[in-house]
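Its first residue numbered 13, the sequence shown is counted upward by one per residue in my numbering. We put the CB at the ideal spot given by N, CA and C, even for glycine. Predicted, not measured: the structure shown is a model, and the values here were computed from it.
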Amino acid sequence: MMEHNLLLDAWKEGKAIGAFNANTYDDMEAIVQAAAELGRPVILMASMSCCKFMGIDTFVMFAKHLEKKYGTPVITHLDHCIDPELLYKCVDAGFDYVMFDGSNRSFEENCQMTAQIVRDCHEKGVFVEGELGVISGTEGPLKSDTGVFTDPQQMKEFIARTDLDTLAVSIGNQHGFYKGEPKLNFELLEVLAKESSIPLVLHGGTGIPVEDIARAVSMGICKVNVGTDIRATYLRTVSEYGKNWDGKNDIRGYITCLRDEIKKVAKYYMVSYS
Ligand code: G3H
Ligand code: ZN
């Protein structure tokens, strides 16, 4: 179970915890190594498709093993889940923290479903993240060409009615590589952070200048999600390694390379808000 106050502690100190999407043991290990070297906790996120690919028990088992091996807190998180059945399976499997993403539903339905999920999860000591507004780009089963900013009034009502632990906001952030310069709406973030009684979450971390991430964190963001950069680094490294393959059958060479590159990327983001 999650060390309960890690996110709140980070929030109160004007810091954040890095949250990274992982899909294999190797990227999980690289991310945890990066966190351990910086002396920080870390959140390992499984998407719905990662859950199906790796298996939820395996994900939890790897994460717990890595926490022990590297001696730094590792929080397991289910990312952008739109399926309550899968979400409850993850809770039963030992996830610390789950996201129910009702952003494609009506405000009313999002409120009601999130509130029920929060009640059920809190009984088991599991944290819940929700989302309000629409973050553009593609993330798992959700795809949107245009974003919709989080509305401050709706946000206050959403938090009051659901009692959730953290909220993903839409402030100009996008999923995937940005087309053009990423431009966060700091004026809106300032209002949201002022009106919110809970920590906020920044999705679509890939490609946002680290100075902007640091500024957002200092304003009330407690968790920064990065996925695309991890996957792109994984694939680029494997592909480069393949091009220069010396013909020897040493599979550990590419895994070492892969871990080093992913570790660099995870650290690049984490140092900006540690
Ligand atoms: O939930 C996952 C993140 O928001 C990842 O966003 O792939 O653009 O880094 P990203
Ligand atoms: Zn996201």
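message: Output needed for Glu25: all residues of its chain with C-beta closer than 7 Å, excluding positions within five of it in sequence on either side, in chain order.
response: On the sequence shown, residue 25 is found 13 positions in, with the first residue counted as 1. Correct list: empty, nothing qualifies.
field: Secondary structure of Asp163, DSSP reduced to three states
entry: The residue labelled residue 163 in the question sits at position 151 within the sequence shown. Three-state DSSP puts Asp163 in coil, outside helix and strand.
- request: Could you tell me whether any non-hydrogen atom of ligand 1 is closer than 7 Å to the CB of Gly184?
  value: Taking the sequence shown and counting its residues from 1, the one referred to as residue 184 is at position 172. Gly184: no, Cβ never under 7 Å from ligand 1.
field: Heavy atom of ligand 1 within 7 Å of Val110 beta-carbon
entry: Start at 1 with the first residue of the sequence shown, and residue 110 comes out as number 98. False, no ligand heavy atom lies under 7 Å from that Cβ.
- request: Figure out for me which residue from Leu201, Asp224, Tyr281 and Leu56 has the closest Cα to the Cα of Gly232.
  value: Here the question's residue 232 lines up with position 220 in the sequence shown. Gly232 has its Cα closest to that of Leu201, out of Leu201, Asp224, Tyr281 and Leu56.
- prompt: Hey, how far is the Cα of Ala127 from the Cα of Lys27?
  reply: Residue 127 sits at position 115 when you count from the first residue of the sequence shown. Residue 27 sits at position 15 when you count from the first residue of the sequence shown. Going by the C-alpha atoms only, they are around 27 Å apart.
- prompt: Would you say Leu214 and Asn185 are within 8 Å of each other, going by their C-beta atoms?
  reply: Position 202 of the sequence shown holds residue 214. Position 173 of the sequence shown holds residue 185. Yes, Cβ-Cβ distance for Leu214 and Asn185 is below 8 Å.
field: Span of the alpha helix (DSSP H) around His89
entry: As a position in the sequence shown, residue 89 is number 77, starting the count at 1. Element bounds for His89: not the alpha helix (DSSP H) but the beta strand (DSSP E), Val86 to Cys93.
message: Under 7 Å: does the beta carbon of Gly3 sit that close to some heavy atom of ligand 2?
response: A question about residue 3 goes unanswered here, because the residues of the chain that appear run from 13 up to 286.
query: Can you name the residues that DSSP bridges to Asn237?
result: Locating residue 237 in the sequence shown gives position 225, counting from the first residue. Ala31, per the DSSP bridge assignment.
query: Would you call the segment 250–270 and the segment 181–195 touching, i.e. three or more CB-CB distances under 8 Å?
result: no
field: N-terminal and C-terminal residue of the beta strand (DSSP E) that Lys155 is part of
entry: As a first step, residue 155 is located in the sequence shown; it is residue number 143 there, counting from the start. Looking at the DSSP string, the run of the beta strand (DSSP E) that includes Lys155 is Leu154 to Ser156.
- prompt: If you drop the 5 nearest sequence neighbours on each side, which residues of the same chain put their C-beta closer than 7 Å to that of Val277?
  reply: In the sequence shown, the residue the question calls residue 277 occupies position 265. Asp241, Ile242 and Thr245, listed in sequence order.
- request: Consult DSSP for Ala278 and reduce its assignment to one of helix, strand or coil.
  value: On the sequence shown, position 266 is the one that residue 278 refers to. Of the three classes helix, strand and coil, the one that applies to Ala278 here is helix, per DSSP.
- prompt: Which residue's Cα is closest to the Cα of Leu176: Phe74, Thr150, Arg131 and Pro96?
  reply: For this step, residue 176 is matched to residue 164 along the sequence shown. Selected option, being the one with the closest Cα: Arg131.
query: Is Glu141 near ligand 2, judged by its Cβ being under 7 Å from some heavy atom?
result: Mapped onto the sequence shown, residue 141 falls at position 129. Glu141: no, Cβ never under 7 Å from ligand 2.
message: Considering only DSSP beta bridges, list what Thr249 is partnered with.
response: Your numbering for residue 249 matches position 237 in the sequence shown. DSSP, once it has assigned bridges, lists no residue as partnering Thr249.
8 Å Cβ cutoff met for Ile43 and Ile274: Residue 43 sits at position 31 when you count from the first residue of the sequence shown. Residue 274 sits at position 262 when you count from the first residue of the sequence shown. For Ile43 and Ile274, yes; Cβs fall inside 8 Å.
field: Runs of alpha helix (DSSP H) wholly within the segment 180–229 (minimum 4 residues, chain order)
entry: 198–207
task: Indicate, with yes or no, if ligand 1 has a heavy atom lying under 7 Å from the CB of Glu151.
output: Numbered from its first residue, the sequence shown carries residue 151 at position 139. True, at least one ligand heavy atom lies under 7 Å from that Cβ.
Exposed unless 16 or more other CB atoms sit within 10 angstroms - verdict on Tyr280: The sequence position of residue 280 within the sequence shown is 268, counting from 1. Counting Cβ neighbours within 10 Å, Tyr280 comes out exposed, since fewer than 16 surround it.
task: Measure from the alpha carbon of Leu247 to the alpha carbon of each residue in Cys269, His134, Pro194 and Val229, then state which is nearest.
output: As a first step, residue 247 must be located in the sequence shown, where it is residue number 235. The shortest C-alpha separation from Leu247 is found at Cys269.
query: Less than 8 Å separating the beta-carbons of Pro153 and Ile94?
result: The residue given as residue 153 occupies position 141 in the sequence shown. The residue given as residue 94 occupies position 82 in the sequence shown. Against a cut-off of 8 Å, the Cβ pair of Ile94 and Pro153 comes out as a contact.
task: Please classify Gln165: is it buried, with 16 or more other beta-carbons within 10 angstroms of its beta-carbon, or exposed?
output: For the purposes of this step, residue 165 is taken as residue 153 along the sequence shown, with counting starting at 1. Burial call: exposed.
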